[in-house]
Amino acid sequence: MGDVVLSVRGLVKRYGRVYGVRRVDLTVRRGVHGLVGPNGAGKTTTMKCIVGLAFPDAGEAVFLGESLWGPRGWGLRSLIGYVAEVPDVSYHGTAEELLWELAVAEGYSLGEARAAARRAAEEAGIEDLLGRPVRGMSKGQRKRLLYAQAMLSPRELYVLDEPFSGLDPEAVVWARELVARLGRSSAVLVSSHLLRELEDLAERVTVILRGETVYEGPVRELVEKTVGVVAVFKVSDPEAAGRILRDAGAARLRVLPGAVEAVLKSEDEIALVVEKLVAAGLKVYGVEKTRGLEEAYLSLLGAGEGGAGGGAA
Amino acid sequence: MEQPRARTPSAAALLALEARRLLGKKSYIVLVALGVAAPLLVSLLIRGPVHKLLQQAHLPHQVLSTAWLAFLGSSRALGGLLNAGAFSALGLAAVSLTSYSWIIAVVFAALIVAGDIVEGRLQLLVVRPVTRRRLLAVKIAALTVSLALLFTVSAAAVYVSATILFGSQAKPWLMPVYGAVLAAALIPLEAATMIIALKLRRSGVTMLLGILLYIVGSMISALPMVQFIRSLGAGAGGEAAKQALRAMMYLNVAEPLHGGPNLAKTLLDAVIAGLHAQATMPGFNINLGVNYAMLLAVGAASLAAASLVLYAVASLVFSRQTL
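Chains as they are written, first to last, in this note's numbering: chain A, 1 to 313; chain B, 1001 to 1323.
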């Protein structure tokens, strides 16, 4: 538990009579942590409660050992960076002015704030846009501006709501690398509908359905528990490999040109299967794991009968 | 690489930030230009005829030296020869920006809250290490400082204009005092407007409702007039009528949404006539037994209390709000 950065327990948030979140439990450690769920499940509301944009009706959050929603919790917010899903910023002024203002509001002196703004803009790759009016920026540029403001200070926790939405393919690659880099030194909570992107980045995941946490733990464990591991073995004789896999207890076998796809119970079985294939005289050119999180998520969603929406109190 | 560490901004830094933002707004700069240019231009245009009239009137310089305070709405300026109403009719007070102080306060209060939400700036500020209560207080303080500066500049332009028309003017120290008092007295109206802005998140509608609030406040202040007329109609006259007028006089400076500008004008009257002089009501030459010290004390206490209450309500609304 030593690397736990944020722990949320029993979060409830209502909007009038409608539940935004019914009961969310979340433990975020250093590294990248995925937050997934259908639209309206409560991901954004959960994130808003963590960063201070919304106030919870019940629950507690402990951030670095201190109460985040207690009377002194606001003082910890300089250690949390937040990127909203929609870059809804139509600020009257330049990007540099906005970043400078936010750096001052974060506790930098008026002079230091200028340097912090430039540094953050460089990290977000928008240093050449600093003099541009924010209103004249494209959606993608404004999203990068949101990344810049989240990186004004070094953080213990980054909360990124759909960090890849609104970005062009080149920027998605940049954002993916950035998330991975941030995850090496801090905790990064990422909500995303792009589960294949998330699977490559996140070690752990929380699944929210109808405003409640239905799973939290390692991505690998979720995949193995729900659908097993979907692996594609590139081999010299797919037919023969299929027979060996069937004997080894693999499910849902599919023979493909030059390969065979199978669902195994765990990742550990991949090595055992490869050993058997090699022992049978087959050549193994490579093994690919595919669609694990996506299938696991869809399986959970099926079990939760749709899972979307908060519902009335 | 720099290690993460918790920081918090000082109140002074936040105040500088918000004030800078307000002072840099184009609408603010246009108002400053207008507040300076309009009275100067009008005084230059009417300088010749006014000088001729003054030569015929033979008014003592001591009386003329308070003319600039009449521009600002004092009914005791110019020895009471011309009250604020008469000056408005001549169009002189109308060129002073301070005559529109309440509209300016409503517009900027709406802009710095609803405008900030629409721009997405407020959402980016509240995730920083600053409480919403403090952020709101800083916004009100920055608005008060900015308006005090605007009204002081406007009063200075009026002072120069009056000098051009009537010769040297007295009590220049009143410029910043009047500017500060007027700006501070508008805090209840600003806080009420901010509550609307937080709820509606739209500047245009907020401005309209803020203006409506002022009008409602104005109507409330006029309610004792009903009692006054009824007492005259019933032949009661005397003390009942005086009581109604007295109530109206107090409400005029103490009603939180509309009393601010009147309190500042009363301060000017008090400086000219003296704190313990009997306060007069334009149009009524009756001794009501109310002096300026009493009016200022009641008005200031009421506006201060209303400022605190409305700020507390605005903080409560803001603190529970999802952005």
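The C-beta atom is built at its ideal place from N, Cα and C for all residues, glycine as well.
Treat the numbers as computed from the prediction; the structure is a model and nothing was measured.
Do residue 1196 of chain B and residue 1105 of chain B count as a contact pair if the criterion is CB distance below 9 Å? Remark: C-beta atoms of residue 1105 of chain B and residue 1196 of chain B do not approach each other more closely than 9 Å.
Quick one: residues in its chain with C-beta nearer than 8 Å to the C-beta of residue 1159 of chain B, no 5 flanking neighbours on either side, listed in chain order? If we look at residue 1159 of chain B and ignore the five residues flanking it on each side, its Cβ neighbours are 1068, 1169, 1172 and 1175.
What first and last residue would you give for the beta strand (DSSP E) that runs through residue 214 of chain A? If you look at residue 214 of chain A, you'll find it in the beta strand (DSSP E) that goes 212-218.
List, from N- to C-terminal side, the beta strand (DSSP E) runs of 3 residues or more that fit wholly inside the region 151-223 of chain A. Secondary structure remark: continuous beta strand (DSSP E) runs of at least 3 residues inside the region 151-223 of chain A, in chain order: 157-161, 187-191, 204-209 and 212-218.
Within 9 Å (strictly less), CB to CB, does residue 1313 of chain B reach chain A? Residue 1313 of chain B does not count as touching chain A.
Taking Cβ to Cβ, would you say residue 1178 of chain B is nearer than 9 Å to residue 1247 of chain B? In this structure, residue 1247 of chain B does not lie closer than 9 Å to residue 1178 of chain B by Cβ.
Under the three-state reduction of DSSP, which class applies to residue 1025 of chain B: helix, strand or coil? Residue 1025 of chain B carries a coil assignment under DSSP once its states are collapsed to helix, strand and coil.
Starting from residue 25 of chain A and walking both ways along the beta strand (DSSP E), at which residues does that stretch end? Counting along the chain, the beta strand (DSSP E) containing residue 25 of chain A begins and ends at 18-29.
Contacting residues, own chain, Cβ-Cβ under 7 Å from residue 83 of chain A (five flanking each side not counted): 146, 147, 150, 160, 161 and 163, listed in sequence order.
Name the chain B residues whose beta carbon is nearer than 7 Å to that of residue 191 of chain A? What residue 191 of chain A touches in chain B: nothing, since even the nearest Cβ is about 16 Å away.
Residue 96 of chain A, DSSP secondary structure in three states: Judged by DSSP in its simplified three-state form, residue 96 of chain A adopts helix.
Interface residues of chain B facing residue 77 of chain A [CB-CB closer than 7 Å]: Per Cβ cutoff of 7 Å: 1127, 1128 and 1129.
Rounded C-alpha distance that separates residue 269 of chain A from residue 81 of chain A: C-alpha separation (whole angstroms): 39 Å.
Any beta carbon of chain B sitting closer than 9 Å to that of residue 21 of chain A? For residue 21 of chain A, the closest Cβ of chain B is not nearer than 9 Å.
Pick from A:170, A:155, A:96 and A:92 that is closest to residue 135 of chain A, judged by C-alpha positions: Measuring from the Cα of residue 135 of chain A, the nearest candidate turns out to be A:92.
I'd like to confirm the pairing. Which residues does DSSP put opposite residue 1278 of chain B in its beta bridges? Looking at the DSSP assignment, residue 1278 of chain B forms a beta bridge with B:1291.
What residue does the alpha helix (DSSP H) around residue 111 of chain A start on, and which one ends it? Note, residue 111 of chain A: alpha helix (DSSP H), 110-123.
Which residues mark the beginning and the end of the beta strand (DSSP E) in which residue 231 of chain A is found? For residue 231 of chain A, the enclosing beta strand (DSSP E) has its first and last residue at 229-235.
Please list the partners that residue 1118 of chain B has in chain A, where partner means a Cβ-to-Cβ separation under 8 Å. What residue 1118 of chain B touches in chain A: 90.
Against chain B: residues of the region 38-55 of chain A by CB proximity under 7 Å: Within the region 38-55 of chain A, the qualifying residues are 48, 51, 52, 53, 54 and 55.
Are the region 204-224 of chain A and the region 49-64 of chain A touching by the rule of at least three beta carbon pairs closer than 8 Å? Too few Cβ pairs lie closer than 8 Å, so no.
What number of angstroms, rounded off, separates the C-alpha of residue 1242 of chain B from the C-alpha of residue 1163 of chain B? Their Cα atoms are separated by approximately 39 Å.
Three or more C-beta pairs closer than 8 Å, one from the region 181-193 of chain A and one from the region 29-42 of chain A: is that the case here? In short, these stretches touch, since the Cβ pair count reaches three.
Does the beta-carbon of residue 88 of chain A, which I'm using as the reference point, lie nearer than 8 Å to any heavy atom of the ligand MN? Among the components of this structure there are no ligands whatsoever, and the ligand MN is therefore not found.
Under DSSP, the alpha helix (DSSP H) around residue 269 of chain A begins and ends at which residues? 268-279 is the span of the alpha helix (DSSP H), which, as asked, contains residue 269 of chain A.
So, helix, strand or coil for residue 1165 of chain B, using DSSP? Reduced to three states, the DSSP call for residue 1165 of chain B is helix.
When DSSP labels each residue in this structure, what does residue 7 of chain A get in the three-state scheme? Per DSSP, reduced to three states, the secondary structure at residue 7 of chain A is strand.
Please list the partners that residue 149 of chain A has in chain B, where partner means a Cβ-to-Cβ separation under 8 Å. By Cβ distance, chain B contributes 1124.
Under 9 Å, Cβ to Cβ, is there at least one residue of chain B near residue 106 of chain A? Yes, contact with chain B.
Could you check the C-alpha separation between residue 310 of chain A and residue 1025 of chain B for me, to the nearest Å? Since pLDDT at residue 310 of chain A reaches only 48, below the 50 mark, its modelled position is unreliable, and no value is offered.
Mark residue 177 of chain A as exposed unless 16 or more other C-beta atoms lie within 10 angstroms of its C-beta, in which case mark it buried. By the 10 Å Cβ count, residue 177 of chain A comes out exposed.
Looking only at DSSP bridge pairs, what is residue 67 of chain A linked to? Answer is A:62, bridged to residue 67 of chain A.
Using only the alpha-carbon positions, how far apart do residue 1129 of chain B and residue 72 of chain A sit? Rounded to the nearest whole angstrom, the CA to CA distance from residue 1129 of chain B to residue 72 of chain A is 10 Å.
Per-residue burial, residue 1312 of chain B [other beta carbons within 10 Å of its own, 16 or more giving buried]: By the neighbour-count rule (16 or more Cβ atoms within 10 Å), residue 1312 of chain B is not buried but exposed.
Could you confirm whether any beta carbon from chain B is found closer than 9 Å to the beta carbon of residue 163 of chain A? The beta carbon of residue 163 of chain A does not come within 9 Å of any beta carbon belonging to chain B, so the residue lies off that interface.
Does residue 155 of chain A have its Cβ less than 9 Å from a Cβ in chain B? Residue 155 of chain A counts as touching chain B.
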